[in-house]
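The sequence shown begins at 7 in the working numbering and counts up by one.
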Amino acid sequence: MRIDKYLADQGMGTRNEIKKALKEGLVRVNGEIITKAGTHVSEDDTVMWDGMEISYQKYVYFMLNKPAGYISATSGTVPIVMDLITEPYKDMFPCGRLDKDTEGLLLITNDGPLAHDLLSPKKHVEKEYYVETEKSIRQEDLDLFAKGIMIDNNETCKPAKGTLINETSCYLVITEGKFHEIKRMFEATGNKVTYLKRLRMKNLILDEALDLGEYRPLTEEEILDLKGQAG
Ligand code: URA
């Protein structure tokens with residue numbers, strides 16, 4: 007791969023900025039200063055940028071504890087979840103959507119194939135939420151969710167497993183991602199969601215050590231687990 011692409015992929019700047027840095031002698035490959043943008047490097051080479059080693063990662067994965075008030079999008083003028091990510095990697099996006107007022111686990115990655123897999127309606131990936139409601143949650147509401155509740159008189163949700171915590175809060179596991187799905191499920195029972203937080207996606211559990219708005223890279227084990235390759 008060309009050194010300018012290698013560095014651009016790792017978020018070191020635009021092609022022009024990288025060209026300039028190369029001309030200024032800021033880039034070394036295996037200890038040697040490289041000035042030509044077309045120089046080829048491999049993932050085994052040691053690439054240094056102004057004295058800092060830049061290792062090549064094809065894909066990156068961050069677990070974000072999304073705060074309310076942010077839109078799950080990659081562009082736009084309103085606060086977007088990507089505003090919270092200070093890492094320079096290119097082409098990252100939120101894997102799936104949480105409503106603006108929903109908090110909790112959001113995977114941010116540039117791994118398109120994995121995101122496609124996790125979001126595919128055919129894969130029925132579990133998403134677990136903590137839900138608070140205005141009125142009491144009845145066992146019969148959870149029974150309706152378990153059977154697959156009809157919302158807006160025209161759409162039936164896939165069966166969802168609810169576990170009561172107390173009168174007005176529960177855990178709920180859904181396996182699809184209809185627009186405002188959980189809010190609409192509770193509306194169909196005459197209730198209203200007042201707080202929603204995602205706790206888990208497949209086997210990736212929100213790290214409670216992350217404050218709202220904080221993120222951290224996934225561990226190797228978490229990545230393998232998500233990809234279903236854990237040993
Ligand atoms: N269901 C909702 O209603 N909102 C979310 O953000 C996620 C699931």
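We treat Cβ as the ideally placed atom computed from N, Cα and C, and that holds for glycine.
Contact under 7 Å by Cβ, residue i with residue j
i, j, result
"residue 168", "residue 148", "yes"
"residue 41", "residue 28", "yes"
"residue 224", "residue 67", "yes"
"residue 113", "residue 101", "yes"
"residue 132", "residue 72", "no"
"residue 97", "residue 43", "no"
"residue 142", "residue 161", "no"
"residue 107", "residue 74", "yes"
"residue 117", "residue 65", "yes"
"residue 95", "residue 19", "no"
"residue 4", "residue 7", "A question about residue 4 goes unanswered here, because the residues of the chain that appear run from 7 up to 237."
"residue 207", "residue 155", "no"
Residue of the options minimising C-alpha distance to residue i
i, options, result
"residue 216", "164, 111, 119", "111"
"residue 99", "77, 108, 129, 109", "77"
"residue 34", "95, 52, 22, 48", "52"
"residue 146", "197, 119, 160, 189", "197"
"residue 229", "125, 186, 115", "115"
"residue 47", "106, 17, 124, 13", "13"
"residue 125", "95, 93, 180", "180"
"residue 175", "188, 184, 183", "188"
"residue 23", "55, 7, 155, 61", "55"
"residue 195", "157, 26, 177", "157"
"residue 209", "192, 155, 226, 231", "231"
"residue 39", "50, 49, 57", "57"
"residue 128", "182, 121, 190", "182"
"residue 103", "185, 214, 218", "185"
"residue 45", "144, 92, 25", "25"
"residue 3", "30, 59, 21", "Here the chain comprises residues numbered 7 to 237, so residue 3 is not present and cannot be evaluated."
"residue 170", "123, 81, 144", "144"
Residue i - DSSP class collapsed to helix/strand/coil
i, result
"residue 164", "coil"
"residue 137", "strand"
"residue 71", "strand"
"residue 210", "strand"
"residue 59", "strand"
"residue 86", "strand"
"residue 157", "strand"
"residue 65", "coil"
"residue 76", "coil"
"residue 95", "coil"
Practice task
Pick out the complete beta strand (DSSP E) segments inside the region 103-130, 3 residues or longer, and give them in chain order.
Solution key: For the region 103-130, the continuous beta strand (DSSP E) assignments of 3+ residues that do not extend past its boundaries occur at 109-115, in sequence order.
Problem - Contact the region 128-142 vs the region 188-207: 3+ CB pairs below 8 Å - result: Contact between the region 128-142 and the region 188-207 is present, because at least three Cβ pairs lie under 8 Å.
Practice task
Assess, as a yes-or-no matter, whether the region 67-87 is touched by the region 155-175 under the definition of 3 or more beta carbon pairs within less than 8 Å.
Solution key: A contact is defined here as three or more CB-CB pairs under 8 Å, and the region 155-175 fails this definition with respect to the region 67-87.
Exercise for the section: Would you mind listing the alpha helix (DSSP H) stretches within the region 161-208 that are 4+ residues and don't spill past its ends, in chain order? Expected result: As far as the region 161-208 is concerned, its whole alpha helix (DSSP H) runs of at least 4 residues are 187-193.
Handout entry: 4 or more residues per run - each alpha helix (DSSP H) lying fully within the region 21-56
Key = Those alpha helix (DSSP H) runs which fall completely within the region 21-56 and span 4+ residues are 21-29.
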